[in-house]
Amino acid sequence: DAIEHQADLVELGVGILPGYGAGHENHKISFTTGEVGCFLSHYSVWHQMVEQNIPAALILEDDFDLQEGIRERLGQYLQEAAAEPWNLMYVGRSPVEEDLR
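For the sequence shown, this note's numbering begins at 23 and goes up steadily by one.
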């Protein structure tokens with residue numbers, strides 16, 4: 023089901039996690055329907071990974087742009103994170119535009 027309006031979020035009880043600041047505070051606009059849709063699509067992948075015992079995945083957005091040197095940068099990020107107990111690596115974002123309806 024699509025999330026089309028802010029009222030849909032309220033009806034579903036969707037809100038920002040307490041203490042979450044990284045993405046939401048960076049763009050200084052309300053929690054968008056696009057952010058909820060993005061989360062739900064990622065959640066669907068994570069759920070499938072658990073159900074099918076898939077140990078790792080690379081999730082890219084539909085507008086992902088392969089930039090020069092991504093292979094080397096991603097390899098460096100993975101090396102840096104190797105000694106850390108992590109389960110998600112966030113490697114970047116594009117500016118967000120307000121989509122309130």
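C-beta atoms are modelled at their ideal positions from N, C-alpha and C, and glycine is treated no differently.
As the structure is a prediction and not an experimental result, all values here were calculated from the model.
For residue 97 and residue 79, the rounded distance between their alpha carbons: On the sequence shown, residue 79 is found 57 positions in, with the first residue counted as 1. On the sequence shown, residue 97 is found 75 positions in, with the first residue counted as 1. Rounded to whole angstroms, residue 79 to residue 97 spans 15 Å at the Cα level.
Best match in 29, 81 and 94 for proximity to residue 111 [C-alpha to C-alpha]: Along the sequence shown, read from residue 1 onward, the residue named residue 111 stands at position 89. Of the listed residues, the one whose Cα sits closest to residue 111 is 81.
Rank 74, 76, 109 and 83 by C-alpha distance to the C-alpha of residue 64 and give the top, closest one. Here residue 64 corresponds to residue number 42 of the sequence shown, with the count starting at 1. The candidate whose alpha carbon is nearest that of residue 64 is 83.
The alpha helix (DSSP H) that contains residue 61, what's its start and end? On the sequence shown, position 39 is the one that residue 61 refers to. Its alpha helix (DSSP H) spans residues 55-73.
Tell me the rounded alpha-carbon separation between residue 104 and residue 71. On the sequence shown, residue 104 is found 82 positions in, with the first residue counted as 1. On the sequence shown, residue 71 is found 49 positions in, with the first residue counted as 1. Those two C-alpha atoms are separated by around 21 Å.
Where residue 61 and residue 95 are concerned, what is the direct C-alpha to C-alpha distance, given to the nearest angstrom? Here residue 61 corresponds to residue number 39 of the sequence shown, with the count starting at 1. Here residue 95 corresponds to residue number 73 of the sequence shown, with the count starting at 1. Straight-line Cα distance between these residues: approximately 25 Å.
Buried or exposed: which applies to residue 57, given that a residue is buried once 16 or more other Cβ atoms fall within 10 Å of its Cβ? In the sequence shown, residue 57 corresponds to position 35, counting from 1. With a 10 Å radius around the Cβ and a threshold of 16 neighbouring Cβ atoms, residue 57 comes out buried.
In whole angstroms, what separates the C-alpha of residue 88 from that of residue 30? For this step, residue 88 is matched to residue 66 along the sequence shown. For this step, residue 30 is matched to residue 8 along the sequence shown. Using only the alpha carbons, I get a separation of about 33 Å.
Go to residue 112, then tell me how far its alpha helix (DSSP H) extends in each direction, as first and last residue. Within the sequence shown, numbered from 1, the residue matching residue 112 stands at position 90. No alpha helix (DSSP H) contains residue 112, which DSSP labels as neither H nor E.
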